[in-house]
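**Q** Protein sequences appear in the order of chains A and B. The first sequence lines up with residues 6 to 228 when you count with our numbering. The second sequence lines up with residues 628 to 731 when you count with our numbering. Think of the CB as a built atom: it goes at the ideal place given N, C-alpha and C, for glycine as much as any other residue.
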Amino acid sequence: MSEELNRVDTAAVDTEGGLDPAAAAALLDRATDSAVRQFNVWPPLLLVVGAVLFPVAFGVVWSSVRAQHPYKGPGGGALLIFYAIITVWVIVVGIVLRRATVGVGGRSARQRKIEALGFAGMLITVYVFQGALLHEGVSHAVVYGVYPVTAPFIFVGSASAIVAAAREEWRTVRVAVPLIAVALGAAFAGPVAVWLVIGIGIALVLLGLAIAQVRGRRVRTVA
Amino acid sequence: MTVDELDPLIHVPARLRVVATLAALPDGDTLSFTRLQDMIGLTPGNLITHLRKLEDAGYVGVEKIGSGVASRTSVALTILGRAAFTSYSAALRDLLTGPTPPND
Numbered sequence: 006m007s008e009e010l011n012r013v014d015t016a017a018v019d020t021e022g023g024l025d026p027a028a029a030a031a032l033l034d035r036a037t038d039s040a041v042r043q044f045n046v047w048p049p050l051l052l053v054v055g056a057v058l059f060p061v062a063f064g065v066v067w068s069s070v071r072a073q074h075p076y077k078g079p080g081g082g083a084l085l086i087f088y089a090i091i092t093v094w095v096i097v098v099g100i101v102l103r104r105a106t107v108g109v110g111g112r113s114a115r116q117r118k119i120e121a122l123g124f125a126g127m128l129i130t131v132y133v134f135q136g137a138l139l140h141e142g143v144s145h146a147v148v149y150g151v152y153p154v155t156a157p158f159i160f161v162g163s164a165s166a167i168v169a170a171a172r173e174e175w176r177t178v179r180v181a182v183p184l185i186a187v188a189l190g191a192a193f194a195g196p197v198a199v200w201l202v203i204g205i206g207i208a209l210v211l212l213g214l215a216i217a218q219v220r221g222r223r224v225r226t227v228a
Numbered sequence: 628m629t630v631d632e633l634d635p636l637i638h639v640p641a642r643l644r645v646v647a648t649l650a651a652l653p654d655g656d657t658l659s660f661t662r663l664q665d666m667i668g669l670t671p672g673n674l675i676t677h678l679r680k681l682e683d684a685g686y687v688g689v690e691k692i693g694s695g696v697a698s699r700t701s702v703a704l705t706i707l708g709r710a711a712f713t714s715y716s717a718a719l720r721d722l723l724t725g726p727t728p729p730n731d
């Protein structure tokens with residue numbers, strides 16, 4: 006036992022007994038609910054924030070390309086706003102992740118580091134491949150439209166779903182699979198509409214997850 | 628099933644909260660003493676006393692890394708502790724709603 010735990014504390018209060026089953030069940034529910042909420046790296050509020058930010062980010066780009074005939078790609082100003090919004094989202098996710106995982110060590114922490122490196126590497130390959138498509142003379146509609154909007158979600162989503170399914174982390178699977186479906190569906194919408202479809206699709210998936218989480222809280226394990 | 632048959636090590640408010648909090652983590656994860664204390668809202672001495680009882684029963688594992696100011700104590704539910712918590716939750720549910728009928 007650690008030195009800290011060996012320390013004798015005469016002020017320690019050890020309330021034994023006196024807990025009826027109903028009170029114990031209520032306490033168990035509250036403690037579990039509180040812990041699950043505090044360890045949750047994707048709380049409902051964060052999902053709602055994402056459901057607002059993503060349609061705005063993709064909508065800004067869509068508005069910059071919707072009148073293009075032929076399709077050339079998003080304008081610099083629209084991309085600047087897009088990446089600014091995505092940066093805000095990444096910062097917010099980082100803050101929430103930090104708060105939820107502070108003090109948590111062991112297997113999950115190691116897995117998160119490996120996954121972060123893996124997904125970063127995967128995103129780099131997605132965009133390197135975009136360069137290869139451009140180099141091969143593929144149309145701007147694909148290189149600056151359908152591909153960069155959908156490919157990250159399809160590839161990273163698929164990898165996430167496979168890893169999560171292998172670990173039986175079904176919550177992650179329930180996030181990844183709808184995102185892949187949205188990205189695949191958006192790929193058929195064409196280079197202009199793809200921006201709007203994926204923005205709205207992501208928003209709906211995030212809102213659905215937020216609602217599912219809030220509903221899940223009401224159905225507790227005991228009693 | 629009676630109240631007396633509930634695991635007395637877990638059937639104490641503070642320890643029930645400790646075990647339920649640790650059980651919310653995935654298997655194989657640990658939690659720092661300070662975060663656990665922050666989440667449970669117990670004094671350090673009180674938490675230490677409860678953790679010692681749980682550790683003596685083999686329900687939690689306690690590990691101290693480093694020394695002095697930089698030391699960090701982490702706590703985790705053991706396999707035995709997780710099983711005991713699952714049994715306790717099932718027993719509590721049975722007490723409140725009646726035993727679950729066995730599958731045919």
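Quick check: the stretch 198 to 209 of chain A against the stretch 53 to 65 of chain A, are there 3 or more CB pairs under 8 Å?
**A** Yes, since at least three Cβ pairs between the stretch 198 to 209 of chain A and the stretch 53 to 65 of chain A fall closer than 8 Å, the two stretches touch.
**Q** Let me confirm a value: Ala191 (chain A) is counted as buried when at least 16 other C-beta atoms fall within 10 Å, else exposed. Which label applies?
**A** Classification of Ala191 (chain A): buried, given that the 10 Å Cβ count is 16 or more.
**Q** So the alpha helix (DSSP H) Ala114 (chain A) belongs to, where does it begin and stop?
**A** Run containing Ala114 (chain A): 112 to 140, per the alpha helix (DSSP H) assignment.
**Q** So, does the stretch 76 to 87 of chain A touch the stretch 686 to 697 of chain B, judging by three or more C-beta pairs under 8 Å?
**A** They do not touch, by the three-pair rule.
**Q** Between Ala217 (chain A) and Val702 (chain B), what straight-line distance do the alpha-carbon atoms span, to the nearest angstrom?
**A** Going by the C-alpha atoms only, they are around 31 Å apart.
**Q** What would DSSP say about Thr657 (chain B), mapped onto helix, strand or coil?
**A** Three-state result, Thr657 (chain B): strand.
**Q** Name, going along the chain, the residues of the stretch 31 to 44 of chain A whose beta-carbon falls closer than 8 Å to a beta-carbon of chain B.
**A** The stretch 31 to 44 of chain A vs chain B, Cβ under 8 Å: Leu32, Leu33, Ala36, Thr37, Ser39, Ala40, Val41, Gln43, Phe44.
**Q** Please state whether the Cβ-Cβ distance between Leu652 (chain B) and Phe193 (chain A) is less than 8 Å.
**A** No; because the gap between Cβ atoms is not below 8 Å, this pair is not in contact.
**Q** Measuring straight from C-alpha to C-alpha, what distance separates Ala188 (chain A) and Thr130 (chain A)?
**A** Spanning the two alpha carbons is a distance of roughly 18 Å.
**Q** Got a sec? Which residues, its chain only, sit under 8 Å from Val97 (chain A) by beta carbon, not counting five neighbours each side?
**A** Once the five neighbours on either side are set aside, the close Cβ partners of Val97 (chain A) are Leu51, Val54.
**Q** What are the boundary residues of the beta strand (DSSP E) that includes Arg71 (chain A)?
**A** Note, Arg71 (chain A): premise wrong, no beta strand (DSSP E); not H, not E.
**Q** Excluding the 5 residues preceding and the 5 following Arg222 (chain A) in the sequence, name in chain order all residues of the same chain whose CB lies nearer than 7 Å to its CB.
**A** Hits under 7 Å: Asp38.
**Q** Mapping the DSSP letters down to three states, classify Val210 (chain A) as helix, strand or coil.
**A** In the structure shown, Val210 (chain A) sits in a helix (DSSP, three-state: H, G or I).
**Q** Please list the residues of the stretch 654 to 668 of chain B that have a C-beta atom closer than 9 Å to any C-beta atom in chain A, keeping them in chain order.
**A** Flagged, chain order: Asp654, Gly655, Asp656, Thr657, Leu658, Ser659, Phe660, Thr661, Arg662, Leu663, Asp665, Met666, Ile667.
**Q** If we ignore side chains and look at the alpha-carbon of each, how far apart do Phe712 (chain B) and Thr648 (chain B) end up?
**A** Cα to Cα, the separation comes out at about 11 Å.
**Q** On the criterion of 16 or more Cβ atoms from any shown chain inside 10 Å, does Arg642 (chain B) qualify as buried, or is it exposed?
**A** Buried: at least 16 other Cβ atoms inside 10 Å.
**Q** For the beta strand (DSSP E) that contains Val689 (chain B), what are its first and last residues?
**A** From DSSP, the beta strand (DSSP E) with Val689 (chain B) extends over 687 to 692.
**Q** Would you kindly work out how many angstroms separate the C-alpha atoms of Ala137 (chain A) and Glu173 (chain A), rounded to a whole number?
**A** The straight-line gap from Cα to Cα measures roughly 36 Å.
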